[in-house]
Each structure stands twice: as structure tokens, then as C-alpha cells.
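Before any comments, here is the structure.
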């Protein structure tokens, strides 16, 4: 291996290419360099090796006896290198990098990933749990799932699910809530970083806002959800965060009233990269999972006045890329 450090790799590549293709001109074309550059690389390699690899004849270069053996070994070596590089490329092609917020990943996505594995066993999923939307044009992230208004510079966004908000609490607390006014006797569990608020829900319910008792405050929606499940009070939840806890009875939505938040879950991809098959397959799979979740969750409520709603020519909210937000009543 020490001697290998004394020989330039470009020179070895030139020798292998000329030996394989049979001429300087053909090698220059494959290597995208000039004929004189290939000739110089071969001469330099012969000096480094102390052996002639080619005989210079009127009809061109001809391998010496040593050169023929040397070129055969080089060819095998470069084929191994090409296969090694192909392995890396194959791993890249078969790895799907999905960027999601930790709360979405933990409370909804992860329990369902086994069905993606079953459907696409050759695709390796790598979950990038982050609330930061990276530059998708210049990163290894294939697709991001984000909660917001769909306006991210440089990204191509498709609405996945319009977000609805509603109170959730443990069953023991729900039994005490005979009316919305009874919320004044409960503690509010607050996410200090949330983009949603109670006012829109009270407006949809058609009642004045109540003043809650002081409750726990967190900077993470997952902690808010666990606090609600533990019976510490009432939180303002939404479909995908609370879906599984509602389905298995750990949480209850006591009033059956949901308000449009003006936000939504969006699938975001690069605006310049071609969409790969693995991304298209993931989009189809996740829309089917959303459909299944919402089928259990129930139909959407009528739109509150002034809220952002969903406009689509499709018969269902999910599964179409031509969905856009509009102002209700416009």
C-alpha cells in the first residue's frame, strides 16, 4: 500500500482507460480531457512505476507484456471501485429522508411506520425530527411535513390535512363538564409555543371565552398531551396529535365542537429537484393513513365565519395536490 501512495490515481485511470478502449482519443473522450493530457499522465505513471506500459508505434500505443498484466489488474481494481461507489449510490437512492416535527413523529407517524416498511421493504426511512425547515434544494431531505400556512420560500407545498382544534381531557375530567361554562372550573394546559389559541374555538362554539384556572405550562405539545392524559386539566388539541389517545380512550373530546385553526399539515418538497418514485410512494402512503385516521375521527365541522377553510374540486379533502387555502366567504 505504501507504493500506491507514490502513483497518481489519475495516471492509473488513464492507463486503464487506454488499455480498455485501445486509443488515446477514445480514452480522452471518456475522461473528458485532451489527448495530450492522457499521454502525459501515462508517461508520468511509467516513470513512477519504473516500467514501460505501452510501446509507441506508428499505429498507436500497444501494451507491453508487463503492461498487459498491469492493465488487467487495474481493470479489476477499477471495477471494484465502481461497484463500491454504486453501493453508496444505491443506499442513497433507497433511503428516504423525511423531516418532521418531533410531536408529529412521536404521536402519529411512528406508530404507523411499520405499514410503510411492509409496503416498501427496499426503502430505508430516516426520520429527521426537527421543527426547522431546511433548504430542501441543498440538503439530503427528500420531503418535509410541516404545520403552518403552506408558505415556505423555495419549497413546493401540498396540503395534507387542514388543522382543527378542540378541547381534550381525561375521561374523569370530562364527566364533570356538563356545559362549556364548566371549563371555568378546570385548569388549562398550555403550550407556550403553540400557533393556536382558545379564542377561535370559543367563537366556533358560539359562547364567550371562559377564564380557566391556572394550569401547567409547557414548551412542547407532547408534554401537554401527556399532562392531559394524566388528568391535569384540559388542553386545546388537534386531530393528529390526539387521534390515538382519543381512539383508545385515554382522552375524550367532551363537546364535539371543532374549530378551523387556519393552519394545516403540509407535504413540502424541493421546488427544483425532480420528484423521485420513493417520494411519490410516501405521499400516497401517508395520504391513505390520514384518510384512515380521519375516518375514525369523524367528519369535519362546518366552517366558522372568517376562518380559513379548504377549497378543492376533489370529493375528499385528502389525496389531491390541487387543494388550496381560501378565506371562508370569499
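In my numbering, the protein residues as written are 11 to 340. Note that beta-carbon positions come from the ideal geometry of N, C-alpha and C, so glycine has one too.
If residue i and residue j are in contact, beta carbons under 8 Å, what's the gap, nearest whole angstrom?
i	j	result
residue 172	residue 274	5 Å
residue 238	residue 178	6 Å
residue 128	residue 107	Incorrect: roughly 20 Å between the Cβ atoms, too far for contact.
residue 151	residue 116	Incorrect: roughly 19 Å between the Cβ atoms, too far for contact.
residue 206	residue 244	Rounded, the Cβ-Cβ distance is 14 Å, inconsistent with contact.
residue 126	residue 135	7 Å
residue 48	residue 34	5 Å
residue 231	residue 113	5 Å
residue 288	residue 133	5 Å
residue 249	residue 174	6 Å
Within the continuous beta strand (DSSP E) that includes residue i, where are the two ends?
i	result
residue 270	269-280
residue 70	70-73
Apart from the five residues just before and just after residue i, which ones in its own chain have a Cβ nearer than 7 Å to its Cβ?
i	result
residue 22	55, 84
residue 253	118, 303, 307
residue 80	63
residue 51	20, 21, 24
residue 27	37, 40, 41
residue 141	111
residue 264	177, 179, 184, 187
residue 182	241
Please report the residue range of the alpha helix (DSSP H) in which residue i lies.
i	result
residue 56	45-59
residue 250	249-257
residue 34	34-41
residue 65	No alpha helix (DSSP H) holds residue 65; the beta strand (DSSP E) holding it covers 64-67.
residue 21	19-31
residue 301	287-307
Around the Cβ of residue i, are there at least 16 other Cβ atoms within 10 angstroms (buried) or fewer (exposed)?
i	result
residue 72	exposed
residue 104	exposed
residue 242	buried
residue 156	buried
residue 214	buried
residue 297	buried
residue 94	exposed
residue 87	exposed
residue 75	exposed
residue 315	Note that residue 315 has pLDDT 31, beneath the 50 cutoff, so the model's placement of it is unreliable and the number below is only indicative. With fewer than 16 other Cβ atoms within 10 Å, it is exposed.
residue 164	exposed
residue 272	buried
Give every residue of the same chain whose Cβ lies closer than 6 Å to the Cβ of residue i, excluding the five residues on either side of it in the sequence, and list them in chain order.
i	result
residue 2	Only positions 11 to 340 of the chain appear in this structure, which leaves residue 2 out of reach.
residue 310	Bear in mind that a pLDDT of 33 at residue 310, under 50, signals an unreliable position, so the model cannot answer this.
residue 299	122
residue 331	Unreliable placement is indicated for residue 331, whose pLDDT of 31 sits below 50; the coordinate value is still reported in the next sentence. These residues qualify, in order along the chain: 168.
residue 89	none
residue 8	Residue coverage of the chain in this structure runs from 11 to 340, which leaves residue 8 outside it and unanswerable.
Within the same chain, show all residues whose beta-carbon is closer than 8 Å to that of residue i, passing over the 5 residues directly before and after it, in chain order.
i	result
residue 202	227, 228, 229
residue 191	217, 220
residue 223	194, 195, 196, 197, 198, 243
residue 44	38
residue 18	51, 54, 55, 58
**OP:** At 4 residues or longer, and completely inside the segment 222-247: list those alpha helix (DSSP H) runs for me, N to C.
**Re:** 231-239
Subject >> Residue ranges of each beta strand (DSSP E) within the segment 103-164, 3 or longer >> reply: 105-110, 134-139, 153-158
**OP:** Give, in chain order, every unbroken run of the alpha helix (DSSP H) that is at least 4 residues long and sits entirely within the segment 172-208.
**Re:** 181-184
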